[in-house]
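Numbering (full-length UniProt numbering), first residue to last: 1 to 569.
Written out as structure tokens, the structure reads:
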């Protein structure tokens, strides 16, 4: 505005009429364009949702174009690098001593080295791992304290490569700069569903005392000579430094996210205000949830059920929506009625279940209500067929399969499908390269981050654990590591023996909305698991505690009809 006024002041009023005529003409022309452009009913009444759809489609199309040019891995890594965390500012540093090389120092773990200046850096999870990458190469770096994993350096390396033995092509050892170094090369078959697939790998294990600095390299065959040269230079320059003791969660605790969640669609709306959460359950028999509602005299707001990836749309989703329940479908990366589960991740990437997912696209879209899709949960546990043991120790394959499924929904404009990423609270094997954060596909593909932790009572490993024992550290670590996302508890539950389960249940209802407000939903696993009876009503005291908790105002008990929700706001 200052420039316009200055223009009038200097050049006088003789241009004013011309200027006004131009402005009027542009305004009329713009208005004519607007009214000549077709406007859908949704865009007239719900501009927020239309902006969301446009952004979603634009992101999908942009990523597809990049993938066509550079490959799927590169698009994935770029998205991961741009995902939000709230780590300490001094966790690492990068300096540029010359044009050819940059210097990286991780102050949290205590190591440094020089690397080619054309490598991109993903340090958003520097307290877990750091990545350097180009479109045809990546190296992920982990630091393993073998004592914390109850093993030795040799035991750690042996466990790491255990499932890779059929694919190993070379294994060499040497000493350099006071470190013991071991390099292991392996490769796998190309996966046709991955654009510019990179199927050649190397591990560099640099051992100093109880610490093993682990470098996993991934590239393609044509670049092996160049990659080996660059990594040889990097390893020769590698030095350990004194780690800086830092409180990783100090910043996120000061912030403590307390979001309002409003997922509004034409038929149903999910509204979870600040300091509220929705209680959900997993109950394999639909009649059981009715009985629980009758007992508690409250409506259960959400229900989770499981599906294999080769299943078509289940109209049970529609029944849940009719009952004003939020459906959460957990897709296990396995096939129904099959003994061949080891290649399912690769089959997802090759599009073998696309027709199944397209049936879910059409079904979910028709509900016009929010539906949660939890994809391949507990990927960091060796009990899962889609864990490291069947993906060549390459978490990219899990992440690309997650992205493959979300892309089917994004491409088909399914705005009411929300994607949940949900690792287990502990990893098996219990190594840094297998931690949950390593499997995070990036903020573009995840809507909610799930947590899973159970109280199995007094065992030889643990005492009876309170809700705070289970979720205090997990909550803050996830809130820091996945800062852009609201949290849910994808599965949880408690047994009776060893403690006071009734009080445990009351603590769930009291602590989540007050102490852990970024948790917006929690799904009780109401079933037996081996010898552990995790059902809610295992005693009159526990049943009554659940009933008391469900009476709380902070518990969201149902989806809303959108017309009613709009009127209320």
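Every residue, glycine too, gets a C-beta built ideally from N, C-alpha and C.
For residue 215, which beta-bridge partners are listed by DSSP?
-> 141 and 204
Look at residue 91 and residue 126 and say whether their C-beta atoms are less than 7 Å apart.
-> yes
So the alpha helix (DSSP H) residue 232 belongs to, where does it begin and stop?
-> Counting along the chain, the unbroken alpha helix (DSSP H) around residue 232 starts and ends at 224-237.
Going by the beta-carbon positions, is the gap between residue 474 and residue 425 smaller than 7 Å?
-> yes
Euclidean distance between Cα positions of residue 219 and residue 370 = 40 Å
Residue 184 - containing beta strand (DSSP E), residue span = Counting along the chain, the unbroken beta strand (DSSP E) around residue 184 starts and ends at 179-187.
According to DSSP, is residue 529 helix, strand or coil?
-> strand
Which of helix, strand or coil DSSP assigns to residue 149 = coil
Per-residue burial, residue 465 [other beta carbons within 10 Å of its own, 16 or more giving buried] = Flag for residue 465 reads buried.
For residue 280, the residue or residues it bridges with in DSSP | 302 and 523
Per-residue burial, residue 69 [other beta carbons within 10 Å of its own, 16 or more giving buried] = Exposed, since its Cβ has fewer than 16 Cβ neighbours within 10 Å.
How about residue 334 and residue 302: are their beta carbons less than 7 Å apart?
-> Cβ atoms of residue 334 and residue 302: not closer than 7 Å.
What whole-angstrom Cβ distance do residue 217 and residue 156 have, given they're in contact under 8 Å?
-> No, residue 217 and residue 156 are not in contact; Cβ-Cβ is about 18 Å, not under 8 Å.
For my contact list, residue 431 and residue 160 are in at a C-beta cut-off of 8 Å; report their separation, rounded to the angstrom.
-> 7 Å
Excluding sequence positions up to five away, which residues of its chain have a Cβ less than 6 Å from the Cβ of residue 390?
-> Closer than 6 Å at Cβ, skipping near neighbours: 342.
Below 6 Å CB to CB, which residues in the same chain sit around residue 312 once its five sequence neighbours on both sides are set aside?
-> 356 and 359
Taking only the alpha-carbon atoms, compute the straight-line gap between residue 280 and residue 117 and give it to the nearest angstrom.
-> 49 Å
What is the DSSP secondary structure of residue 451, counted as helix, strand or coil?
-> Strand at residue 451.
Own chain partners of residue 238 with C-beta closer than 8 Å, once the 5 adjacent residues on each side are dropped = 111, 112, 113, 177, 179, 206 and 213
Close Cβ partners of residue 22 (< 6 Å) along its chain, the five nearest in sequence each way excluded = Summary for residue 22: the model assigns pLDDT 42, below 50, so the residue's position carries little reliability; its value from the coordinates is reported in the next sentence. No residues qualify anywhere along the chain.
In the DSSP assignment, find the unbroken beta strand (DSSP E) run with residue 327 in it and report its ends.
-> 326-332
Kindly confirm or deny that the region 258-267 and the region 222-237 touch, where touching means at least three C-beta pairs closer than 8 Å.
-> no
Buried or exposed by the 16-neighbour rule on C-beta atoms within 10 Å, applied to residue 247 | Classification for residue 247: exposed.
Based on Cα-Cα distance, which residue from 364, 119 and 269 lies nearest to residue 583?
-> The first residue shown for the chain is 1 and the last is 569, placing residue 583 beyond what the model contains.
Local Cβ density within 10 Å of residue 291, reported as buried at 16 or more and exposed below that = The residue is exposed, with fewer than 16 neighbouring Cβ atoms inside 10 Å.
Report back the beta-carbon spacing between residue 187 and residue 169 to the nearest angstrom; my notes put them in contact at under 8 Å.
-> 6 Å
Using only alpha-carbon positions, find the residue among 209, 297, 77 and 318 that is nearest to residue 152.
-> 209
Does the beta-carbon distance from residue 427 to residue 415 come in below 7 Å?
-> With contacts defined by Cβ atoms closer than 7 Å, residue 427 and residue 415 do not form a contacting pair.
Proximity to residue 320 [Cα-Cα], best of 351, 283, 199 and 338 | 283
Answer yes if the region 392-399 comes into contact with the region 437-445, meaning at least three C-beta pairs across the two stretches below 8 Å, and no otherwise.
-> Touching, per the Cβ criterion.
Hey, residue 84 and residue 483: beta-carbon distance below 7 Å or not?
-> yes
For residue 288, which of helix, strand or coil comes out of DSSP?
-> It is helical.
Between the Cα of residue 174 and those of 296, 204 and 121, spot the shortest distance and give me the residue it belongs to.
-> 204
Determine, using beta carbons only, whether residue 195 and residue 354 come nearer to each other than 7 Å.
-> Cβ atoms of residue 195 and residue 354: not closer than 7 Å.
Cα-Cα separation, residue 287 to residue 293 = Cα-Cα distance, rounded: 10 Å.
Could you tell me the distance, in whole angstroms, from the CA atom of residue 34 to the CA atom of residue 82?
-> Caution applies to residue 34, whose pLDDT of 33 falls short of 50 and renders its modelled position unreliable; the value that the coordinates give is listed next. Those two C-alpha atoms are separated by around 35 Å.
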